[in-house]
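Below: one structure, written as structure tokens.
Chains as they are written, first to last, in UniProt numbering: chain G, 1 to 375; chain U, 1 to 369.
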């Protein structure tokens with residue numbers, strides 16, 4: 001398929017792999033964090049780690065919006081969904097995320113009207129079709145999905161729709177990366193920067209990572225060759241002792257981002273003073289809420305939500321996994337109490353979650369897998 | 001690498017192995033339904049469905065025929081060996097490009113019998129109709145069933161009708177059951193795969209699942225694609241004539257797709273199934289839609305494709321027989337059976353890496369970004 005196959009070419013991958021290996025200093029180990037869940041998914045789906053020398057490990061970061069949503073917010077959303085005449089709409093991979101009292105799927109099975117949509121505009125369509133219902137869109141995601149949520153609110157406002165609102169859980173990646181950099185137990189050699197988020201915010205906001213923390217960052221695309229090339233560029237920077245922000249995904253990401261999208265977000269949403277991230281705790285100025293002037297579309301103001309903070313289950317070590325301190329398999333409950341069928345932590349829910357990706361695709365010894373697949 | 005680092009590395013590998021072994025043990029435990037209510041995942045053909053079947057149905061009905069968990073039951077009677085199966089159809093929308101719930105219901109049951117190695121003979125058809133359902137739609141469904149039955153060479157010889165109040169069903173549900181004659185000396189089974197065997201698929205995968213997803217109209221994507229629904233008994237007859245002695249297992253790749261069938265075979269036979277992504281036939285339009293939705297065609301349902309596991313010495317004959325039939329023109333080898341690691345499906349990706357292809361929990365959920 002055009003625009004896909006050329007980014008999945010095995011011969012190019014082999015060549016890059018050789019160049020990466022040549023850059024490895026003997027005796028040194030390298031750790032790079034891919035911030036975005038989309039990257040984690042690509043890495044496992046295509047078996048990308050087979051191209052990396054054993055001394056380079058990839059740490060899966062907090063960029064999976066489903067994985068970082070705290071349990072209390074899931075409970076709030078379910079509380080809204082269970083109110084009379086409400087139709088809750090949500091992206092697919094949010095459906096299985098457990099709160100303190102079960103997931104959207106459980107609530108749906110118990111009678112709530114919860115529907116999967118592919119875009120907030122689909123939720124708007126449902127609102128138009130059901131004027132006697134109150135339609136709520138579970139808005140999650142980073143800067144990538146925030147513009148489409150904001151656009152949807154603007155459209156609802158221009159149509160004067162009275163039965164549509166959003167439950168806003170949009171979070172921002174920059175404060176989260178900063179929280180990770182500030183965490184004392186972390187040792188990273190650089191970052192594979194989030195590509196989709198950068199289509200909106202551009203590359204400039206990452207400059208502090210290089211300037212203040214001395215870590216290189218390469219904004220990367222989502223095809224396997226994109227990621228491999230980003231690892232190569234990081235290795236070159238490390239080898240040359242440089243620390244810069246580079247844009248590997250220039251075919252999509254403008255350095256300055258998308259001003260129009262940023263303007264739409266700014267029109268509809270404003271920063272929250274603080275927001276809880278699953279596993280990472282409260283991070284200030286890390287999330288968005290609906291501005292007062294659009295309060296008619298803000299489910300948090302329309303509905304009575306419990307707003308109770310639910311502590312992560314004690315056994316769950318999602319936080320350490322998200323920070324890259326633990327590998328998924330090092331978590332106490334990984335694969336035993338916590339599995340994709342019965343996730344305790346959110347990292348196990350979405351296929352982008354570090355634990356689910358490792359459990360589904362990489363659970364077995366690389367050597368055995370390589371042996372078995374040798375033709 | 002210095003000595004300490006090497007020791008660290010070795011220690012880590014050992015710890016990882018211990019964790020993985022513990023997980024393998026947990027996975028081998030008898031399944032238990034933990035949910036208080038049925039969720040849609042229980043019907044999606046993945047892990048949740050398997051758990052429900054084993055923990056609720058097999059537990060209650062336990063008998064040697066059922067416990068084999070094949071697509072249909074093989075019965076030894078005084079009159080000979082019979083295959084018996086049943087299937088319910090609740091597809092939404094009822095009509096989609098390439099077919100409707102009617103031909104799906106006939107072909108589905110015919111195929112389950114054909115996959116047992118049987119010659120399908122007679123079907124039953126039961127209808128649950130919702131009050132208000134247009135008679136003209138019912139007539140269309142039934143006409144397709146009649147045509148599909150004729151094409152498959154079976155007769156619908158008995159049936160039942162129930163009508164439920166408006167809102168208690170989604171228009172029309174169809175349940176078919178079927179019997180067929182097992183007139184070949186074969187024992188096809190998911191537990192029959194052996195290291196060295198070859199895995200074949202009869203044509204491009206995922207057409208039906210993607211067609212239905214698009215026909216629901218929720219995605220605002222349109223594509224030129226039709227369901228592959230078809231009766232496969234002609235194709236299996238041709239295959240068994242040519243390579244019968246070497247065919248270990250036949251399955252139609254319905255719910256859960258090719259990945260689920262391979263997992264069932266790997267577990268039941270305690271072998272590894274190694275697939276080669278580059279060889280798996282997928283139409284560009286299916287690849288494109290699946291890429292957009294963030295789902296993997298290996299898990300998408302087909303209604304007119306079969307997966308066959310065949311002994312290596314019969315593989316060429318099997319492939320030739322499939323390709324000689326109009327429904328098997330696109331047949332190809334997609335993988336092989338190995339001995340280690342048992343119970344697993346592995347994929348050599350087109351990119352050149354490797355990964356595990358596990359059962360999904362429920363339906364493939366579209367990813368956000």
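The beta-carbon is built from N, C-alpha and C at its ideal position, and this holds for glycine as well.
Any chance you could list the alpha helix (DSSP H) runs of at least 4 consecutive residues sitting entirely within the stretch 184–258 of chain G, in chain order?
-> 195–201, 207–213, 224–240
7 Å Cβ cut-off: residues of chain G touching residue 164 of chain U = Taking the second chain and counting its residues from 1, the one referred to as residue 164 of chain U is at position 164. Under the 7 Å cutoff, chain G gives no residues; its nearest Cβ is about 19 Å from residue 164 of chain U.
7 Å Cβ cutoff, residue 48 of chain G in contact with chain U = Position 48 of the first chain, counted from the first residue, corresponds to residue 48 of chain G. Yes, because at least one Cβ of chain U sits closer than 7 Å to the Cβ of residue 48 of chain G.
At least 3 beta-carbon pairs within less than 8 Å: the stretch 136–153 of chain U vs the stretch 83–102 of chain U | yes
Use the C-beta contact count for residue 369 of chain U: other C-beta atoms within 10 angstroms, 16 or more gives buried, fewer gives exposed.
-> Residue numbering aside, residue 369 of chain U sits at position 369 when the second chain is read from its first letter. Here the model assigns residue 369 of chain U a pLDDT of 47, short of 50, so the residue's position is not dependable, and the following value carries that caveat. With 16 or more Cβ atoms within 10 Å of its Cβ, residue 369 of chain U is classed as buried.
What are the start and end residues of each continuous beta strand (DSSP E) run of 3 or more residues lying completely inside the stretch 6–45 of chain G, in chain order?
-> 30–36
Applying a beta-carbon distance threshold of less than 9 Å, which residues of chain G neighbour residue 57 of chain U?
-> Numbered from its first residue, the second chain carries residue 57 of chain U at position 57. Near residue 57 of chain U there are no residues of chain G at all, since even the closest Cβ is about 18 Å away, more than 9 Å.
So the alpha helix (DSSP H) residue 71 of chain G belongs to, where does it begin and stop?
-> In the first chain, the residue the question calls residue 71 of chain G occupies position 71. Note, residue 71 of chain G: alpha helix (DSSP H), 71–81.
Work out the CA separation of residue 93 of chain U and residue 343 of chain G for me, nearest whole Å.
-> Looking up residue 343 of chain G in the first chain gives position 343. Looking up residue 93 of chain U in the second chain gives position 93. So the two alpha carbons sit approximately 32 Å from each other.
By Cβ distance below 6 Å, which residues in the same chain neighbour residue 283 of chain U in space, the five residues on each side in sequence not counted?
-> For the purposes of this step, residue 283 of chain U is taken as the residue at position 283 of the second chain. Only 204 meet the Cβ criterion.
Alpha carbon to alpha carbon, how far is residue 55 of chain G from residue 1 of chain U? Give it in angstroms, no decimals.
-> Taking the second chain and counting its residues from 1, one reaches residue 1 of chain U at position 1. Taking the first chain and counting its residues from 1, one reaches residue 55 of chain G at position 55. Low confidence applies here, because residue 1 of chain U scores a pLDDT of 47, under 50, leaving its location unreliable and the question unanswered by this model.
Residue 335 of chain U classed as buried or exposed, judged by whether at least 16 other C-beta atoms fall within 10 angstroms | Position 335 of the second chain holds residue 335 of chain U. Its Cβ being crowded by 16 or more others within 10 Å, residue 335 of chain U is buried.
Per-residue DSSP class, three states only, for residue 369 of chain U | Locating residue 369 of chain U in the second chain gives position 369, where the first residue counts as 1. Its pLDDT being 47, under 50, residue 369 of chain U is placed unreliably in this model, and the value from its coordinates should be taken loosely. In the structure shown, residue 369 of chain U sits in coil (DSSP, three-state: anything other than H, G, I, E or B).
Give a yes or no on whether the minimum CB-CB distance between residue 7 of chain G and chain U is below 7 Å.
-> Translated into positions along the first chain, residue 7 of chain G becomes position 7. False, the Cβ-Cβ gap to chain U never drops below 7 Å.
So which residues of chain U does residue 264 of chain G contact, with C-beta pairs closer than 8 Å?
-> Position 264 of the first chain, counting from 1, holds the residue named residue 264 of chain G. Going along chain U, no residue has its Cβ under 8 Å from residue 264 of chain G, so there is no contact; the nearest lies around 17 Å.
Can you tell me the Cα-Cα spacing of residue 130 of chain G and residue 60 of chain U, whole angstroms?
-> Here residue 130 of chain G is taken as the residue at index 130 of the first chain, counted from 1. Here residue 60 of chain U is taken as the residue at index 60 of the second chain, counted from 1. Cα-Cα distance, rounded: 43 Å.
Are the CB atoms of residue 110 of chain U and residue 231 of chain U nearer to each other than 7 Å?
-> As a first step, residue 110 of chain U must be located in the second chain, where it is residue number 110. As a first step, residue 231 of chain U must be located in the second chain, where it is residue number 231. Yes. Within cutoff.
Starting from the C-beta of residue 156 of chain U, find all residues in its chain whose C-beta is less than 6 Å away, skip the five residues before and the five after it, and write them out in chain order.
-> Position 156 of the second chain, counting from 1, holds the residue named residue 156 of chain U. 123, 125, 149, listed in sequence order.
So, residue 223 of chain G versus residue 7 of chain G, is the Cβ gap smaller than 7 Å?
-> Mapped onto the first chain, residue 223 of chain G falls at position 223. Mapped onto the first chain, residue 7 of chain G falls at position 7. Yes. Within cutoff.
Any idea if residue 44 of chain G is buried or exposed, counting beta-carbon neighbours within 10 angstroms, 16 or more meaning buried?
-> As a working mapping, residue 44 of chain G is identified with position 44 in the first chain. It is buried - the Cβ of residue 44 of chain G has at least 16 other Cβ atoms within 10 Å.
Check whether the Cβ of residue 21 of chain U lies closer than 7 Å to any Cβ atom in chain G.
-> Along the second chain, one-based indexing puts residue 21 of chain U at 21. No - not a single Cβ of chain G is within 7 Å of the one on residue 21 of chain U.
Please compile the residues from chain U whose C-beta is within a distance smaller than 9 Å of the C-beta of residue 31 of chain G.
-> What you label residue 31 of chain G is simply residue 31 of the first chain in a count that begins at 1. Result: empty, since nearest Cβ-Cβ is about 13 Å, beyond 9 Å.
For chain U, is any of its Cβ atoms less than 7 Å away from the one on residue 105 of chain G?
-> Position 105 of the first chain, counted from the first residue, corresponds to residue 105 of chain G. Chain U, which has a Cβ nearer than 7 Å to the Cβ of residue 105 of chain G, makes this yes.
With 9 Å as the C-beta to C-beta threshold (strictly closer), list the residues of the stretch 334–355 of chain U near chain G in chain order.
-> 336, 338, 339, 340, 341, 344, 346, 347, 348, 349, 350, 351, 352, 353, 354, 355
In terms of residues, what are the limits of the beta strand (DSSP E) holding residue 155 of chain G?
-> In the first chain, residue 155 of chain G corresponds to position 155, counting from 1. Careful: residue 155 of chain G lies outside any beta strand (DSSP E), inside the alpha helix (DSSP H) at 146–158.
Cβ of residue 96 of chain U within 7 Å of Cβ of residue 215 of chain U?
-> The residue you call residue 96 of chain U lines up with position 96 of the second chain. The residue you call residue 215 of chain U lines up with position 215 of the second chain. Yes, Cβ-Cβ distance for residue 96 of chain U and residue 215 of chain U is below 7 Å.
Would residue 329 of chain G count as contacting chain U if we go by Cβ distances under 7 Å?
-> Here residue 329 of chain G refers to the residue found at position 329 when the first chain is read from its first residue. Chain U contact via Cβ: present.
Name the chain G residues whose beta carbon is nearer than 8 Å to that of residue 39 of chain U?
-> The count along the second chain starts at 1 and reaches residue 39 of chain U at position 39. Near residue 39 of chain U (Cβ distances below 8 Å), the residues of chain G are 105, 106, 108, 109.
With 8 Å as the C-beta to C-beta threshold (strictly closer), list the residues of the stretch 45–73 of chain U near chain G in chain order.
-> 47, 48, 51
Short CB-CB distance (under 7 Å) between residue 309 of chain U and chain G = If you number the second chain from 1, residue 309 of chain U lands on position 309. Chain G contact via Cβ: absent.
Beta-carbon of residue 335 of chain G versus every beta-carbon of chain U: anything under 7 Å?
-> Position 335 of the first chain, counted from the start, is the residue given in the question as residue 335 of chain G. So yes, residue 335 of chain G belongs to the interface.
Distance between residue 333 of chain U and residue 58 of chain G (C-alpha atoms, nearest Å) | Within the first chain, numbered from 1, the residue matching residue 58 of chain G stands at position 58. Within the second chain, numbered from 1, the residue matching residue 333 of chain U stands at position 333. In a straight line, the C-alpha of residue 58 of chain G is about 34 Å away from that of residue 333 of chain U.
Can you give me the Cβ contacts of residue 207 of chain G inside the same chain, cut-off strictly under 6 Å, excluding the 5 residues immediately before and after it?
-> Start at 1 with the first residue of the first chain, and residue 207 of chain G comes out as number 207. Once the five neighbours on either side are set aside, the close Cβ partners of residue 207 of chain G are 245.
Within the 7 Å Cβ cut-off, does residue 120 of chain G reach chain U?
-> Counting from one through the first chain, the residue named residue 120 of chain G turns up at place 120. Cβ-Cβ to chain U under 7 Å: no for residue 120 of chain G.
Report yes or no: is there a C-beta of chain U within less than 7 Å of the C-beta of residue 167 of chain G?
-> Locating residue 167 of chain G in the first chain gives position 167, where the first residue counts as 1. Cβ-Cβ to chain U under 7 Å: no for residue 167 of chain G.
Please report how far the alpha carbon of residue 86 of chain U lies from the alpha carbon of residue 132 of chain G, in whole angstroms.
-> For the purposes of this step, residue 86 of chain U is identified with residue 86 of the second chain, where counting begins at 1. For the purposes of this step, residue 132 of chain G is identified with residue 132 of the first chain, where counting begins at 1. Whole-angstrom Cα-Cα distance: 41 Å.
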